[in-house]
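Using the UniProt record's numbering, read the sequence shown as starting at 1 and increasing by one per residue.
Glycine included, every Cβ here is placed at the ideal spot set by N, Cα and C.
Structure record follows, encoded as structure tokens.
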Amino acid sequence: MPRAAIELAERSQWSALVDLLAEQKHVARECDDFGMLALHWACTDGSVSVAAIDALLDAYEAAAMRINKGGLLPLHIAVKAKVEDAILLRLITAYPDALIVNTPTDETPVDLAEKVQSPAYIWLLEHENAYRIASGLEPRRQASALVSETTLPPRWKQEKACHVCHIRFSTFRARHHCRACGVSVCSAHSNKRIPLPYLGITVPQRVCTTCFDAASHRQSQEPPTPSRARSHTTMSMLKPPPRRSTTPVLLEADSTMDFAMPLLPSKAIPRIRTAPRLNSLEEGSAEDLEVRKHELIESIEHANVETRYLQHSRRHVDSSIERLRSSTLSTTGSSISDKSSTHVDLAQTHFLLGSALAEKEEHSSAIVELRKSLAVHEHDPKVWLALARSLHSVNSDKEAEAAARRVLKMNPSGQNGPVLTLLGKILHARGDTDGAIRIFQQALGTFYLEDDDEVQVGAATTEF
1 MPRAAIELAE RSQWSALVDL LAEQKHVARE CDDFGMLALH WACTDGSVSV AAIDALLDAY
61 EAAAMRINKG GLLPLHIAVK AKVEDAILLR LITAYPDALI VNTPTDETPV DLAEKVQSPA
121 YIWLLEHENA YRIASGLEPR RQASALVSET TLPPRWKQEK ACHVCHIRFS TFRARHHCRA
181 CGVSVCSAHS NKRIPLPYLG ITVPQRVCTT CFDAASHRQS QEPPTPSRAR SHTTMSMLKP
241 PPRRSTTPVL LEADSTMDFA MPLLPSKAIP RIRTAPRLNS LEEGSAEDLE VRKHELIESI
301 EHANVETRYL QHSRRHVDSS IERLRSSTLS TTGSSISDKS STHVDLAQTH FLLGSALAEK
361 EEHSSAIVEL RKSLAVHEHD PKVWLALARS LHSVNSDKEA EAAARRVLKM NPSGQNGPVL
421 TLLGKILHAR GDTDGAIRIF QQALGTFYLE DDDEVQVGAA TTEF
């Protein structure tokens, strides 16, 4: 199939893309009329999986160095789409020079992160400064000074599973957000409340159990350590990575400097020859090897626990779908006095069922349920958008285009970034290159911030 990898990436079918690359690595080198590889297209979707990016880079690592006809690297596109930090790190590892490559508008990845108000801004700034110091260049700005100035609440993450127990959210498991670190958590792991004086909030706020435990061991005026900092940001990068004997020795922070360089892979340090290291087995002792063995066993056990959680989550989703189907049938067959109220509930039921089916990539069944929802309440833009995505996934691009344009007509002055991006992909799939370019140019000026059903305590970060 011509350009099979690109088509799967355009349609956000990550599982199918990973399977295809496992059998045919050469498809990762396919290029379309925009100069876009499958890696470029994957980076346009903020929900792209880490597994898909790993598969694309494993098949064709040089793709991280390719510039499309718009003058953008995959890293530039990924920063605009606000992908996960883990994906940004993989792109930087594959092509460290991307940190200082400018776009046609003379913007680096850090500039783009600041422009779209990305939560990865500080993280990228520290990596660029580390790269510049290693290259003998002047750092842009001291990252430690920037961190001290940042006192706004964290931007809320729209994760699909609880950050603590990793169980997926569903109709029957609500998603909440920690006001201290912004991660998504279930109600069982967000039942604690503490004031956040360092954010100017004196009323106790909902926090995750991790931030609550951290706050309970600190002075009352110190902020709880955000989960983001524990994984990929300033403090974790200043510490040597645990249990990684293959990590190269990097430059250490000067005691007289305000900025400490974060850890980067060895290929991210240009024009510097590192001294050879002794083999870690020669340096270590038998006791150290035994400790590492136990740590490996614990890691395997932890992976097995996560696998069981995922299996349980899948069964939970299947049972939820069956209950929703039963609820739909019983509601349709019953006589209800309050007709208007029933219509709203019935439309929402069909929408939730269609969304669950689409998440399982059962798009044909999802289309049926979404059409039923629209038959009851046809003026709901979120249902039309979900229908357009499912139609595009089954190659019904003409109908998908009509649905997407209907969303734009319903909400002409709203935040339509995702709708415009989807419409651009649809037009490109239909062969309308000029129309797709116009839509993508329009989408580039729209920076979409996801809404959340809860009080927007974390929304202040979108304004800094």
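- Where P195 is concerned, the enclosing beta strand (DSSP E) starts and stops at K192 to L196.
- For the stretch 89–127, the full-length alpha helix (DSSP H) segments reaching 4 residues or more read 109–115 along the chain.
- The stretch 130–138 and the stretch 5–21 do not touch, with fewer than 3 CB-CB distances between them shorter than 8 Å.
- Within the stretch 368–422, the runs of alpha helix (DSSP H) that reach at least 4 residues and sit entirely inside it are, in chain order, 381–393 and 397–410.
- Note on geometry: alpha-carbon atoms of K25 and P74 lie some 18 Å from one another.
- A direct Cα-Cα distance of roughly 9 Å separates G182 from C208.
- Per DSSP, I53 lies in no beta strand (DSSP E) segment; the continuous alpha helix (DSSP H) that holds it begins and ends at V50 to A59.
- Only buried fits F440, as 16 or more other CB atoms lie within 10 angstroms of its CB.
- Within the same chain, and ignoring the five residues on either side of V394 in sequence, the residues whose Cβ sits closer than 8 Å to its Cβ are H363, S364 and I367.
- Residue ranges of uninterrupted alpha helix (DSSP H) with 4 or more members, entirely inside the UniProt domain "FYVE-type" (156–216) and ordered along the chain, are 209–216.
- Assigned with DSSP and collapsed to three states, M36 falls in coil, not helix or strand.
- In this structure the stretch 27–44 touches the stretch 74–83; the number of beta carbon pairs closer than 8 Å is three or more.
- The C-beta separation of R206 from S184 comes to about 12 Å, leaving the pair out of contact by the 8 Å criterion.
- Ranked by Cα distance from S12, the first of D33, A38 and C31 is A38.
- The beta carbon of K115 sits closer than 6 Å to none of the beta carbons in its chain outside the five residues before and after it.
- A Cβ-Cβ contact shorter than 7 Å links A358 with S390.
- Pairing V101 with W123, the inter-Cα distance amounts to about 17 Å.
- Shown here, V83 sits in coil according to DSSP, grouped into three states, outside any helix or strand.
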